[in-house]
Amino acid sequence: MRFKKHIPAAIVLSCNLLSMTPAIAQEVPRTAFVHLFEWRWNDIATECETFLGPKGFSAVQVSPPQKSVSNSAWWARYQPMSYAFEGRSGSRAEFADMVQRCQAAGVDIYVDAVINHMAAQDRYFPEVPYSADDFHTCTDDINYSDRWSIQNCDLVGLNDLKTESESVRQKIADYMNDALSMGVAGFRIDAAKHIPAADIAAIKNKINGNPYIFQEVIGAAGEPVQTSEYTYIGDVTEFNFARAIGPKFKHGGIKELNGIGSWSGWLPSDSAVTFTTNHDEERHNPQQVLSHQDFGNLYFLGNVFTLAYPYGYPKVMSGYYFDSFDAGPPSTGVHSGNACGFDGGDWVCEHRWRGVANMVAFRNHTATEFRVTNWWDDGSNQIAFSRGGLGFVAINRDDSKVISQSFMTGMPQGEYCNIIAGNFDAQSGSCSGPTIQVDNLGYAHFDVASHDAAAIHVGAKLGQGCTSDCGETVITKVCFDNPQSFSQPTVYYWNVSASEPVADATWPGVLMAQEGGSYCHDFGANLSALNVIFSDQGNSQTADLSASNPNLCYQNGVWRDISDCLSGASGGSETWYFRGTSNGWGLTEMQFDSQTGLYTSTQSFNGEESPARFKIDDSNWSESYPSADYQVTDFATYTITFDSDSKAITVMPE
5 MRFKKHIPAA IVLSCNLLSM TPAIAQEVPR TAFVHLFEWR WNDIATECET FLGPKGFSAV
65 QVSPPQKSVS NSAWWARYQP MSYAFEGRSG SRAEFADMVQ RCQAAGVDIY VDAVINHMAA
125 QDRYFPEVPY SADDFHTCTD DINYSDRWSI QNCDLVGLND LKTESESVRQ KIADYMNDAL
185 SMGVAGFRID AAKHIPAADI AAIKNKINGN PYIFQEVIGA AGEPVQTSEY TYIGDVTEFN
245 FARAIGPKFK HGGIKELNGI GSWSGWLPSD SAVTFTTNHD EERHNPQQVL SHQDFGNLYF
305 LGNVFTLAYP YGYPKVMSGY YFDSFDAGPP STGVHSGNAC GFDGGDWVCE HRWRGVANMV
365 AFRNHTATEF RVTNWWDDGS NQIAFSRGGL GFVAINRDDS KVISQSFMTG MPQGEYCNII
425 AGNFDAQSGS CSGPTIQVDN LGYAHFDVAS HDAAAIHVGA KLGQGCTSDC GETVITKVCF
485 DNPQSFSQPT VYYWNVSASE PVADATWPGV LMAQEGGSYC HDFGANLSAL NVIFSDQGNS
545 QTADLSASNP NLCYQNGVWR DISDCLSGAS GGSETWYFRG TSNGWGLTEM QFDSQTGLYT
605 STQSFNGEES PARFKIDDSN WSESYPSADY QVTDFATYTI TFDSDSKAIT VMPE
């Protein structure tokens with residue numbers, strides 16, 4: 005997966021475009037969201053405008069907005085009395101206002117939808133209305149080795165809705181459509197494990213549009229209900245992630261996290277919602293998962309890792325301090341005085357911790373390189389890795405040793421803000437804290453104290469601030485198609501006009517790197533114009549050539565826009581095919597995008613065969629992915645993306 009399949013309703017374009025160094029500057033995607041647990045609607049609206057939007061968060065998961073039992077405990081929000089938008093977070097009008105204000109700031113709202121059950125009282129809820137016939141009748145304790153019991157008996161005494169009933173499905177859909185009518189962009193389906201997947205799919209078919217959906221399913225080993233059953237509907241929570249990183253950061257051995265996400269039994273990255281902790285785990289499972297109650301910086305480091313590692317769609321937890329399991333939210337508003345402070349406030353506000361907030365930008369700016377490169381570890385508690393030349397992070401979990409050494413980052417030469425220790429100002433191109441220098445070979449020296457981290461990314465490179473036209477296209481590369489099949493394609497350049505001084509090359513020039521079907525040289529500076537000669541390291545040279553932005557790709561004897569040159573449909577070293585119900589399981593060759601390194605195909609499913617599904621194949625079934633058919637919702641069009649390295653598949657509705 006390179007990008008989250010759901011793109012927020014409003015992408016805020018900013019000066020971050022000019023701080024990018026890849027060949028083509030694109031809108032920086034928003035790829036991480038936050039759970040503002042028990043926050044009030046007015047506070048969330050303010051937070052979207054003043055912090056979440058500017059920091060690049062994609063969305064907010066809000067607490068259940070429906071009318072619930074009257075009780076101060078946090079769990080009261082998960083005992084619905086009706087589907088009216090009223091409760092301790094605010095009124096319906098305040099909810100609608102929050103949605104609109106957040107959307108204007110580029111931040112979507114995901115509703116925590118409690119649709120498996122109603123409150124633990126008699127089976128009569130006149131405000132919906134529901135009566136006894138709308139509920140299952142099993143009041144026994146749930147037997148987690150029995151599917152029927154899991155999905156038909158009351159969960160801890162909560163009245164289990166008969167979701168196979170068309171009447172119940174319609175009432176749930178009406179509630180969700182009401183939320184969508186106010187601009188809500190997505191839903192977390194609470195307790196989805198206790199609802200048959202087919203029932204959720206049927207409800208989804210009754211709701212308007214195509215909102216983002218992720219489902220709470222804990223796929224415990226040996227149980228009959230597993231996460232994979234729900235991926236054809238939407239994303240699914242991957243509890244394994246939090247439960248795997250927690251012990252490593254608590255007790256040591258974080259080097260063993262290399263490869264996490266590809267472990268057996270885990271969800272594919274493009275179906276997984278990940279987190280360091282959530283509101284349930286920090287209360288029910290504090291011995292295993294990280295939380296704000298852990299010693300020192302361990303919880304902070306876990307969040308840095310979650311946002312740095314390319315697996316899943318990460319959610320940052322942001323809650324409040326509590327001493328007892330049942331404790332409800334503070335009475336103090338988040339934005340009142342020091343309530344959201346870091347030295348005695350009632351709210352933890354971990355999403356505002358500098359390193360956590362800035363790692364959201366790290367994830368956004370490295371989204372097009374959804375892979376780990378240059379992994380390093382000390383064999384125990386110190387790790388470092390690149391994100392394909394767009395970012396680099398070092399994490400030191402060791403209790404005493406420091407990290408002090410040079411690493412190959414693969415990043416363009418320049419001075420970068422250490423975003424863990426300082427904030428980058430995109431307007432001025434300056435950093436409020438220490439910086440890290442990457443040399444002309446891509447190496448950088450990192451000094452990281454015990455229980456600390458350091459991170460750099462291409463969106464926080466000094467001296468590349470925005471002064472006037474924040475939407476300018478940044479091109480740092482010159483490319484050509486090598487029609488002569490040079491064995492050592494080389495570019496000699498002179499009179500380079502760029503955002504930073506570039507000295508003339510020494511003949512015969514520098515070797516070029518292959519990018520799909522082209523060969524390119526990255527100058528690490530925004531190019532305006534230059535003169536070049538392409539050759540086979542001095543032999544069989546072309547004529548003297550002159551080029552200017554954006555026509556910096558020499559293809560078929562003419563200069564072309566580099567965006568056209570690098571995003572063609574050829575150049576991959578492999579050939580992959582789409583097979584599915586939409587094309588009668590025939591072979592449709594996927595297009596290779598040399599800029600992203602991914603294979604894509606756009607397909608429309610129109611009821612040809614039920615269920616709608618597909619595979620990615622090498623043409624003769626010797627290699628096909630995923631192992632089970634990938635199911636999608638019928639009567640829809642999707643752009644399907646395939647990573648031939650990780651075999652990850654991303655499905656984005658058109």
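Those letters in the sequence shown? Residues 5 to 658, by this note's numbering. Glycine included, C-beta positions come from ideal geometry on N, C-alpha and C. Everything numeric in this text was worked out from a predicted model, so none of it was measured.
- A direct Cα-to-Cα measurement between valine 506 and threonine 377 gives close to 28 Å.
- Serine 153: not part of any beta strand (DSSP E); member of the alpha helix (DSSP H) spanning 151-156, first to last residue.
- By the criterion of at least three beta-carbon pairs nearer than 8 Å, the segment 483-491 is not in contact with the segment 431-440.
- Counting along the chain, isoleucine 204 sits inside the alpha helix (DSSP H) bounded by residues 201-208.
- By the 16-neighbour rule on beta-carbons within 10 angstroms, tyrosine 325 is exposed.
- Between asparagine 368 and valine 32, the CB-CB gap stays under 7 Å.
- Here isoleucine 193 carries a strand assignment [DSSP, helix/strand/coil].
- Rounded to whole angstroms, the separation of the alpha carbons of glutamate 593 and phenylalanine 582 is 6 Å.
- Under the three-state reduction of DSSP output, serine 171 falls in the helix class.
- For tyrosine 497, the uninterrupted beta strand (DSSP E) run begins and ends at 493-502, by DSSP.
- Taking every protein chain shown into account, the CB of tryptophan 511 has fewer than 16 other CB atoms within 10 angstroms, so this residue is exposed.
- For glutamate 168, the closest C-alpha among the options Tyr148, Ala189, Asn120 is that of Asn120.
- Residue environment analysis places glutamate 578 among the exposed positions, since fewer than 16 neighbouring C-beta atoms fall within 10 angstroms of its C-beta.
- For the segment 355-403, the continuous beta strand (DSSP E) assignments of 3+ residues that do not extend past its boundaries occur at 377-381, 386-390, 395-400, in sequence order.
- Per DSSP, the continuous alpha helix (DSSP H) segment holding tryptophan 45 begins and ends at 45-51.
- With 16 or more other Cβ atoms inside 10 Å of its own Cβ, alanine 371 counts as buried.
- For secondary structure counted as the beta strand (DSSP E) over 3 or more consecutive residues, the segment 204-286 holds these complete runs in sequence order: 216-219, 239-241, 276-279.
- Residue pairing from DSSP places methionine 656 in a beta bridge opposite Thr643.
- In the DSSP annotation of this structure, the continuous segment of the beta strand (DSSP E) that includes tyrosine 420 starts and ends at 418-421.
- The C-beta distance from tyrosine 523 to proline 493 rounds to 4 Å, short enough to fall under 8 Å.
- In this structure, proline 314 keeps its C-beta atom at 7 Å or more from the C-beta atom of arginine 247.
- Its chain contains Arg192, Gly238, Asp239, Val277 as the residues whose beta carbon lies nearer than 6 Å to that of phenylalanine 218, once the 5 sequence neighbours on both sides are disregarded; these appear in chain order.
- In chain order, Val38, Val320, Ser322, Ala361 place their CB closer than 7 Å to the CB of histidine 355, counting only its own chain and leaving out the 5 sequence neighbours on each side.
- Between the alpha carbons of phenylalanine 428 and aspartate 456 lies a distance of about 19 Å.
- Non-local beta-carbon contacts of isoleucine 146 in its own chain, meaning distances under 7 Å to residues more than five positions away in sequence, involve Ser153, Ile154, Cys157, Leu159 in chain order.
- Beta-bridge analysis with DSSP links glycine 94 to Gly91.
- Around the beta-carbon of asparagine 244, 16 or more other beta-carbon atoms lie within 10 Å, marking it buried.
- In the three-state reduction of the DSSP assignment, tryptophan 511 falls in the coil class.
- Note on geometry: alpha-carbon atoms of isoleucine 264 and aspartate 144 lie some 38 Å from one another.
- If you draw a straight line from the Cα of aspartate 182 to the Cα of aspartate 274, it comes to about 28 Å.
- With respect to the C-alpha of valine 308, the residue from Trp351, Lys619, Val338, Ile249 having the closest C-alpha is Ile249.
- Threonine 641 places its beta carbon 7 Å or farther from that of methionine 656.
- One alpha carbon belongs to alanine 36, the other to glycine 316, and they sit about 9 Å apart.
- The residue among Pro272, Lys252, Ser328, Ser268 with its C-alpha nearest the C-alpha of leucine 294 is Lys252.
- Glycine 588 counts as exposed, since fewer than 16 other beta carbons sit within 10 angstroms of its beta carbon.
- Short of 8 Å from the beta carbon of tyrosine 148, and not among the five residues preceding or following it, lie these beta carbons of its own chain, in chain order: Ile154, Ala224, Glu227.
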